[in-house]
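Q:
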Amino acid sequence: MAAPAATPRAAAPSGRRRTAIPGAIGPTGLGIATLWLSVIVLLPLAAVTAKAFSGGLPGFIDAIDAPAARAALAVTVGTSLVVALINVVMGTLVAWVLVRDDFPGKSLVNALIDLPFALPTIVASIVLLSLYGPDSPVGIHLNATRPALVIALLFVTLPFVVRSVQPVLLELDRDVEEAAASLGASNGLILRRIVLPTLAPAILSGAGLAFTRAIGEYGSVVLIGGGIPRKTEVASQYIQKQIEIDRFVNGAAVSVVLLLIAFFTLLVLRTLGSRAARREASAG
Amino acid sequence: MIVARNTRLTLRAIALAYLGILVALPIGVILVRTFGDGFVAFWDQVTTPAAISALSLSLLIVAIVVPVNVVFGIVTALALARGRFRGRGLLEAVVDLPFAVSPIVVGVSLILLWGSAGWFGFIEDFGINVIFALPGMVLATIFVTLPFVVREVEPVLHEIGEEQEQAAATLGATRWQTFWRITLPAIRWGLTYGVVLTIARSLGEFGAVIMVSSGVAGDSQTLTLLVHSRYIDDHNTFGAYAASTLLMILAITALLLMTVLDRRKAAA
């Protein structure tokens, strides 16, 4: 939008073109925003990165090559991938049921989906521990096992795929499905060729967010996971313990690895997403 | 596609079973355990001196974090929605960054920046303690809640466009008048929604705060840290359940507020 003509500019307090639009923020506001984001977000992350490489690249490699570090990262990425995959299936299924089905209490169920998002992670850990821990009323004792990690991560990542797919499902043009059906396509075919491809970007986006959340998760796994090195210790727990014993380079190095995995995942998602959006736009 | 009735019912059953076992059942168990011995037992656990101190600290952090996020969040949203500058994509990415960072990494990064051996460690010579003190916990909470107000206000700013603000300018309004009379009322539901998200997240933050807090009971424990310490240090399982239930009630209240506000936002 172009700046307005001479009259508003005369009324505006500043003569500069960019600040000629009142309510707009101007260079001062932009400076404040940039300074704010730098101090709060960028500087701390820069400090971690600097510490991670304070021993140069060899120091960094050494830190993340430590057996305990490698094990923690493997457990983390492995369980997060499993969780993301389960979310892809169950999340889409739940979204489908919430959009295409109707039953009494549906709005309550719909609201339930957001609960893990609003719940403090430590509360999630206690909640799951009460059911699957040593005091389990149904005799299931999963604490300090890998399945416990999966359950905890499924709990906290529940909303991501569901909430990502729901709006797309709602907007899905039923006409295309009906046309295909009238031409004799089976449900399976319609699902494979029409519905799933349209949902794919949303599913991927939700799964990527779930994965990114899962690899960094701490509060919900700290109690129920048990933190057994090489078995159930996740990367965040490893980092926390390293910092506790003042091994800052080790902690910082694994932190940087987590950051890189997260950025890479989100970058891939963004690229796939924009490519899919362009394809949709050109397909018309 | 017309789904056969059997398939539809099966899908519904699977979805409800999944949600029931994953979410409803554990929460049900906690509620039963917390209130099973009556309300008084629960009340006793959440009114101990340590619990009240923890609640006060959590609320104090919220009281600092929310206004800060509102001010800087609106400034950032305005810069992103109304500004004309290169690198807007980069700024947007930085705003979204806290979502991709593990809470533990947040804590580590703050220790490495503000801790005694950190880049800004020299401020300890002036008697200002950031890590293992309130400022550190506040900074950690601001980090993780930074995106909320911005991401709720920015789309609204895009949607309402600049015409009203420009019209105000032609009528001679100052920038502050325009902001106060035109912009702020337009963004109020988005802003409120962002504030509720910020409050919910601030009360619930654990991983980042546990790294930068000295964790002294009655002094530097938030409600979430209290839950953790009751379970791990005191082996007071019931006390941990009670504090968790309190947090859960706060979270559900926030959720209800969000649902109501969501409808107001959509209607606006």
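Chains as they are written, first to last, in our numbering: chain U, 646 to 929; chain V, 3 to 270.
Where is the CB? At the ideal position from N, CA and C, for every residue including glycine.
1. Excluding five sequence neighbours on each side, which residues of the same chain lie with their C-beta closer than 8 Å to the C-beta of V:V67?
2. Could you say which of V:N8, V:F44, V:V31, V:W121 lies nearest to U:V684 if we only look at CA atoms?
3. By DSSP, does U:T843 sit in helix, in strand, or in coil?
4. Using the Cα positions of U:D820 and U:P846, report the straight-line distance between them to the nearest angstrom.
5. I'd like to know if U:T916 contacts chain V, where contact means its C-beta is closer than 8 Å to some C-beta of that chain.
6. Who are the near neighbours of V:I184 in its chain, counting only those whose CB is closer than 7 Å to its CB and skipping five residues on each side?
7. Could you give the DSSP three-state label for U:L917: helix, strand or coil?
8. Just verifying my parser: in three-state terms, what is the DSSP assignment at V:L33?
9. Between which two residues does the alpha helix (DSSP H) holding V:H160 run?
10. Counting only beta-carbon atoms, is V:P69 nearer than 8 Å to chain U?
11. V:F37 and U:T766 - do their beta-carbons sit closer together than 8 Å?
12. Would U:P667 be called buried (16 or more neighbouring beta carbons within 10 Å of its own) or exposed?
13. So, using beta-carbon positions, are U:L814 and U:V744 closer together than 8 Å?
14. Helix, strand or coil, according to DSSP, for U:I796 in the structure here?
15. At a cut of 8 Å, does the segment 67–83 of chain V reach the segment 189–197 of chain V through at least three beta carbon pairs?
16. Residues in the same chain with beta-carbon distance under 8 Å from V:L93, minus the five sequence neighbours each way, listed in chain order, please.
17. Return the chain-ordered list of same chain residues with a C-beta closer than 6 Å to the C-beta of V:V152, the five sequence neighbours on each side being excluded.
18. Can you check the segment 751–806 of chain U for any alpha helix (DSSP H) of at least 4 residues that lies completely inside it and give the ranges in chain order?
19. When you compare the CB positions of V:S111 and U:V894, do they come within less than 8 Å of one another, or not?
20. Are the C-beta of U:I785 and some C-beta of chain V separated by less than 8 Å?
21. Alpha carbon to alpha carbon, how far is U:G864 from U:R858?
22. So that I know if they touch, is there some Cβ in chain U lying closer than 8 Å to that of V:G220?
23. CA-CA distance, U:Q882 and U:A797?
24. Looking only at its chain, what residues have a beta carbon closer than 7 Å to the beta carbon of U:L645, apart from the 5 residues adjacent to it on each side?
25. Using a Cβ-Cβ cut-off of less than 9 Å, list which residues of the segment 225–246 of chain V approach chain U; keep chain order.
26. Does U:P667 come within less than 8 Å of chain V when only Cβ atoms are used?
27. When the distance is taken between beta carbons, is V:L115 closer than 8 Å to U:L688?
28. Return the residue from the list V:S222, V:L186, V:F41, V:A119 that minimises the CA-CA distance to V:A56.
29. Going by Cα to Cα distance, which pick from V:I133, V:L61, V:A95, V:W182 is closest to U:L912?
30. Output the distance between the C-alpha atoms of U:L738 and V:S246, rounded to the nearest integer angstrom.
31. Could you check how far apart the C-beta atoms of V:A242 and V:A52 are, in whole angstroms? I think they sit under 8 Å.
32. U:G871 and U:N788: beta carbons closer than 8 Å?
33. Please report the distance separating the alpha-carbon of U:R661 from that of V:F87.
34. Indicate whether U:Q885 and V:M213 have their beta-carbon atoms separated by less than 8 Å.
35. Please say whether V:V34 and V:A244 have beta carbons closer to each other than 8 Å?
36. Just the Cα atoms here: how many angstroms apart are V:E156 and U:N755?
A: On the basis of the supplied data:
1. V140, T143, I144, T147, T200, S204
2. V:W121
3. helix
4. 21 Å
5. no
6. Q166, E167, A170
7. helix
8. helix
9. 136–162
10. no
11. no
12. Note on U:P667: pLDDT 43, under 50, position unreliable in the model; no value is reported.
13. yes
14. helix
15. yes
16. T78, A81, L82
17. G75, T78, A79, V97
18. 751–758, 760–763, 766–777
19. no
20. no
21. 12 Å
22. no
23. 15 Å
24. Because chain U is modelled from 646 through 929, residue 645 of chain U falls outside the range shown and cannot be assessed.
25. L225, T226, L227, V229, H230, Y233, I234, T239, A242, Y243, A245, S246
26. Low confidence applies to U:P667: its pLDDT is 43, below 50, so where it sits in the model is not reliable enough to give any reading.
27. yes
28. V:S222
29. V:A95
30. 30 Å
31. No, V:A242 and V:A52 are not in contact; Cβ-Cβ is about 12 Å, not under 8 Å.
32. yes
33. At U:R661, the pLDDT of 43 sits below 50, so the modelled position is not reliable; the number obtained from the coordinates is stated separately. If you take the alpha carbons of U:R661 and V:F87, they lie about 14 Å apart.
34. yes
35. no
36. 26 Å
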